[in-house]
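Asks: For what it's worth, our numbering labels the leading residue of the sequence shown as 1081, then goes sequentially.
Think of the CB as a built atom: it goes at the ideal place given N, C-alpha and C, for glycine as much as any other residue.
All values derive from a computational prediction rather than experimental measurement.
Sending over a structure as structure tokens; questions will come in a sec.
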Amino acid sequence: MKRAVYPGSFDPVTYGHLDVIERAAEIFDVLIVSVLNNKEKTPLFSVEERVNILKEATKKYRNVQVDSFSGLLIDYAKDNDIHVAIRGLRAITDFEYELQIAQSNHKFSNGNLDTVFFITNLEYAYLSSSIVREFSSFNGDITQCVPDFVADLIYKKYGFKR
Ligand code: PNS
């Protein structure tokens, strides 16, 4: 069984993430989408909310599971016997940061955690969770960025009725 973890903040999950999830789920037997519990950030959605949103957004994929983790990705991967991490690359600007993390994770896991990159679909190359938060916080239209039920939850968080 080829298992992989797709770690991230997913605050909120976007169509860009969902595109990576769909493509990774076709290649790996089991894909675990895992939400980082980052105590240093003040998120829009709690970890529990993000897990529930991801579960709903990925329910059509039978081999996708949703989880959360704290601490280092390499420790989470080791505890769960996972040797592949998935990340999406939108543009060259992502590359330097992702390269450093991937190399560090490979080094500090003694070669036990590799990273497989999916090049983001062109349609979503501009998209990020922070762009979604920025636009929606001013009641901008984010319906092309996230599933409708996620957009509803975001507008509700910011106190907008749509
Ligand atoms: O969606 P994001 O915020 O770009 O995801 C970043 C993430 C969660 C993949 C990365 O920050 C991470 O793996 N954090 C866990 C802590 C860790 O392992 N740090 C070492 C590599 S940065």
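Evaluate S1089 with the Cβ neighbour count: other Cβ atoms within 10 Å of its Cβ, from every protein chain shown; 16 or more gives buried, anything less gives exposed.
Replies: Along the sequence shown, read from residue 1 onward, the residue named residue 1089 stands at position 9. By the 10 Å Cβ count, S1089 comes out buried.
Asks: Should I1181 be counted as a contact of the ligand PNS given a C-beta to heavy atom distance under 6 Å?
Replies: As a first step, residue 1181 must be located in the sequence shown, where it is residue number 101. For the ligand PNS, at least one heavy atom lies less than 6 Å from the Cβ of I1181.
Asks: State buried or exposed for N1185, treating a residue as buried only when at least 16 other CB atoms are found within 10 Å of its CB.
Replies: Taking the first residue of the sequence shown as 1, we reach residue 1185 at position 105. By the 10 Å Cβ count, N1185 comes out buried.
Asks: Checking the sheet assignment: what are the DSSP bridge partners for Q1145?
Replies: Here the question's residue 1145 lines up with position 65 in the sequence shown. Note: Q1145 sits in a beta bridge opposite I1112.
Asks: Jot down the residue ranges of each uninterrupted alpha helix (DSSP H) in the region 1119 to 1184, minimum 4 residues, whole runs only, in chain order.
Replies: DSSP runs (the alpha helix (DSSP H)) wholly in the region 1119 to 1184: 1127 to 1137, 1153 to 1159.
Asks: Would you say L1134 touches the ligand PNS, meaning its beta carbon is less than 6 Å from a heavy atom?
Replies: Within the sequence shown, the letter at position 54 stands for residue 1134. L1134 Cβ: outside cutoff for every heavy atom of the ligand PNS.
Asks: Looking only at C-alpha atoms, which of K1241, A1231, N1118, L1233 sits nearest to L1153?
Replies: Taking the sequence shown and counting its residues from 1, the one referred to as residue 1153 is at position 73. When each option's Cα is compared against that of L1153, the closest is N1118.
Asks: So, is G1220 buried or exposed, given that buried needs 16 or more other C-beta atoms within 10 angstroms?
Replies: The residue given as residue 1220 occupies position 140 in the sequence shown. Counting Cβ neighbours within 10 Å, G1220 comes out exposed, since fewer than 16 surround it.
Asks: Please state if the CB of L1134 and the CB of V1113 are separated by a distance shorter than 7 Å.
Replies: Reading the sequence shown from its first residue, position 33 is the one you call residue 1113. Reading the sequence shown from its first residue, position 54 is the one you call residue 1134. Yes, Cβ-Cβ distance for V1113 and L1134 is below 7 Å.
Asks: In angstroms, rounded to a whole number, what distance separates the CA positions of A1137 and Y1086?
Replies: Position 57 of the sequence shown, counted from the start, is the residue given in the question as residue 1137. Position 6 of the sequence shown, counted from the start, is the residue given in the question as residue 1086. When rounded, the distance between both Cα atoms is 15 Å.
Asks: One question on the structure: do T1195 and A1165 come within less than 7 Å of each other, judged by their Cβ atoms?
Replies: For the purposes of this step, residue 1195 is taken as residue 115 along the sequence shown, with counting starting at 1. For the purposes of this step, residue 1165 is taken as residue 85 along the sequence shown, with counting starting at 1. Contact: yes.
Asks: Strictly by DSSP, which residues pair up with I1211?
Replies: Along the sequence shown, one-based indexing puts residue 1211 at 131. Partner(s): none; I1211 has no beta bridge.
Asks: R1130: buried (16+ other C-beta within 10 angstroms of its C-beta) or exposed?
Replies: Here residue 1130 refers to the residue found at position 50 when the sequence shown is read from its first residue. Under this definition R1130 is a buried residue.
Asks: Secondary structure at I1222, three-state DSSP: helix, strand or coil?
Replies: In the sequence shown, residue 1222 corresponds to position 142, counting from 1. If DSSP states are grouped into helix, strand and coil, I1222 belongs with coil.
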